[in-house]
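Report on the following structure.
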C-alpha cells in the first residue's frame, strides 16, 4: 500500500497557519486555507505520476499560492480606521434654455475660467429681430399714450379759441341790443314781440358761447380717463414683450456663473443644440468631495460632522475633511441572509467635504480616509 508523500514543510506551514483573531470574531481566512490545503494535498499525493505531471503540478502551485496570498495582503488590518474611497466631482453642466446652432465656443477642456467669462454663443438672428419688433411696438404704444394725454392738436385748439371769441363778440352785441330794446319798450316805442325776439337772440348766442367754451376745455384735457388707462396697460404689455424678447436673446450667449475648470465640451461649432442640452461641463473647485465606504459594523464611527484625514497619492500631507453625508442604504447587498456573521459584508456610502482643494486633485483619484474625531 502506497503512502502519500508529505507536503513541503514551508508550504504546509504557510497554508495551515491560522493567523490571529481580533475582537472575538473568527476570521474566514483559516477556513479558506483549510479547503485549499485539502485540495492541494490531494494533488500532492500523486507525486508518483510521470515527470510531466510534476511540471503541471508545479505550475498549479505557482498559480494557487499568489491567489491565496493576494487577498490576505489586501485586507484592512483589524482595528484600523482607514477606509478606501475616491474623489468625486459634482459637475455644473451649462446649456441654453432656447435652441440654436452653436456658432462660437470660447472655452477649451482643462481651461480655468472666472465668473462672468464667456462660454459659448448660439445663432440669434431670430431673437434679434424679435427684440427690434418689440422695441418698435413699445415706441408706438408710448407715443399713442402721450397723444391721448395731450388732447387735440394745436391747430384744432386755435380754431376753437377763435370760434369762442367770435361768439363772445356776438353775445356782447345782442346784450347791448337787448338793453336798448328794453328802454324802447318801456317808452312804448316797440311792441312786446320785438323785445322777446331780441332776448331770444341774446340767449342763443349765450348758449353757443358756453358750449364752445366747454368744448375748448375738453379739448385741452385730452382723451377720456378710460382711454388713457387702456393705453397705459397696452404700454406695459409691450414693455413685457420687449423684456421677454431681450431675455431670449441674452440666453443665446452663456457666461460662467462661478469660477471653475472646464471639464468637457459636448458640442462643436456648427452643431444644432436643443433647448436645455448642456454644451459645457464645469467643475468648480468647491464641488470636489471625497467618497468612501464604511462597513456596517463600523458605521457608527463616522456620523455626519466627523473630522477625517484624506491620504492621496502624490500629496505629501493628508488633507482635512468633514463628513457631510452618510448613506441610508447599503451600496452592496450580497445574496445572504441578514445574520450576525454576514451583515459585516454591507458597506455604506459616506461623503466628506474637503477643507481645501488644490489643482493637483482630480475626480476618480483613490484615497484612504482616516477618522480623526467623531462628532456626537
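In my numbering, the protein residues as written are 18 to 393.
For every residue, glycine included, the Cβ atom is placed at its ideal position computed from N, Cα and C.
On a predicted model such as this, the values are computed, not experimentally measured, just so you know.
Contact between residue 366 and residue 344 holds: their C-beta atoms lie close to 4 Å from each other, under 8 Å.
When DSSP states are grouped into helix, strand and coil, residue 376 belongs to the coil group. Excluding sequence positions up to five before and after residue 121, its CB lies within less than 6 Å of the CB of 138, all in the same chain and listed in chain order. Between residue 265 and residue 151, the CB-CB gap reaches or exceeds 8 Å. A Cβ-Cβ contact shorter than 8 Å links residue 181 with residue 229. Residue 129 places its beta carbon less than 8 Å from that of residue 278. Residue 156: member of the alpha helix (DSSP H) spanning 142-167, first to last residue. Under the DSSP assignment, residue 312 falls in the beta strand (DSSP E) whose first and last residues are 305-312. Burial of residue 112 is indicated by the presence of at least 16 other C-beta atoms within 10 angstroms of its C-beta.
In this structure, the straight-line span from the alpha carbon of residue 296 to that of residue 283 is close to 5 Å.
If the five residues before and after residue 276 are omitted, its C-beta is found closer than 8 Å to the C-beta atoms of 129, 130, 131, 132, 301 and 302, all from its own chain and listed in chain order. Classified as exposed, residue 313 has fewer than 16 neighbouring CB atoms from the shown chains inside 10 Å of its CB. An exposed status is given to residue 293, since fewer than 16 other beta-carbon atoms sit within 10 Å of its beta-carbon. Contact annotation: residue 123 and residue 136 have beta-carbon atoms nearer than 8 Å. DSSP, read as helix, strand or coil, puts residue 329 in strand. Judged by their CB atoms, residue 388 and residue 325 are nearer to each other than the 8 Å cut-off. When Cβ pairs closer than 8 Å are counted between the two stretches, the stretch 212-225 is seen to touch the stretch 185-196, the count reaching three or more.
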